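Numbering (this note's numbering), first residue to last: 1153 to 1311. Taking it in order: structure first as C-alpha cells, then the write-up.
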Amino acid sequence: MSDEPIRFLVDDHLRRLARWLRSAGADAAWEASIPDRELYRRSWVEKRTILTMKKSLWAPRMVKIRSFEIAEQFAQVVLECGLDPYERAFTRCVDCNVPTADVPREEVAADVPPKAFARYDQFRRCPACRKVFWRGTHTERTLEFFESATGRPRPERFS
Ligand SMILES: [Zn+2]
C-alpha cells in the first residue's frame, strides 16, 4: 500500500456522495451522465476507485454502494476504503473538486461577509472558482454529518 490518498470516480447518480467526500478532502471526480465506458477508462487511466450503485458494472477498482441513504453511503466508503473523514477535511472545493489554498486575510475582505471577516482569521480559496471558505456554520454541519454518519467523534482540532 502506498501513502497516496485514495481517489474516487463517482457515478452520475451519486452526486451528493461526491460532495460529502470532497468536504472530507477526498479527490472525488464526478460528471453528469458519464457513460459506463468512460467510467472504466478514467478509473483505469487515473487509478480511481469507482463508486456506483449500478449492478451491471464491474471494474478492478470499484465499491458497490448498497444504501440509498446518504449517511450510510458515506459510512460505507469510509469503512471499506479506510478513509479518515477528518484528516483532510475542508481542504477541497466541493464544487470543483480542486484543492483549496490558504489565502491571507487581507486578500479576502471583498469576498467575505463583514461578520465572517471580523470573526475569523483563516481563509482558503479555490483556485478554480475563486470561492472563499472559512470555518462557519457550514463547517459545523459538515462535522456533525461526519460524526453521525460514521460514529467517529471529531478530533480535538475541530472541537
Ligand atoms: Zn471551486
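Note that the Cβ used here is the ideal one computed from N, Cα and C, for glycine as well. Keep in mind that this is a model prediction, so the values were computed, not measured.
Pairing R1293 with F1285 gives a Cβ-Cβ distance that is not under 9 angstroms.
Every residue whose beta carbon comes nearer than 7 angstroms to a heavy atom of ligand 1 appears here in chain order: C1245, D1247, C1248, V1250, C1278, A1280, C1281, K1283. By the Cβ rule, the segment 1238-1256 counts as touching the segment 1179-1189, because three or more pairs are nearer than 8 angstroms. Just measuring C-alpha positions, the residue of F1160, T1243, L1169 sitting nearest R1213 is F1160. In this structure, H1165 is the residue among H1165, S1311, F1220 with its C-alpha nearest to the C-alpha of L1191. Judged by DSSP in its simplified three-state form, W1172 adopts helix. Just so you know, the alpha carbons of R1257 and E1221 end up roughly 38 angstroms apart. Under a 10 Å Cβ-count criterion, P1187 is classified as exposed, with fewer than 16 other Cβ atoms of the shown protein chains found around its own Cβ. For A1262 against S1175, the beta-carbon gap comes to about 25 angstroms, at or over 8 angstroms, which does not count as contact.
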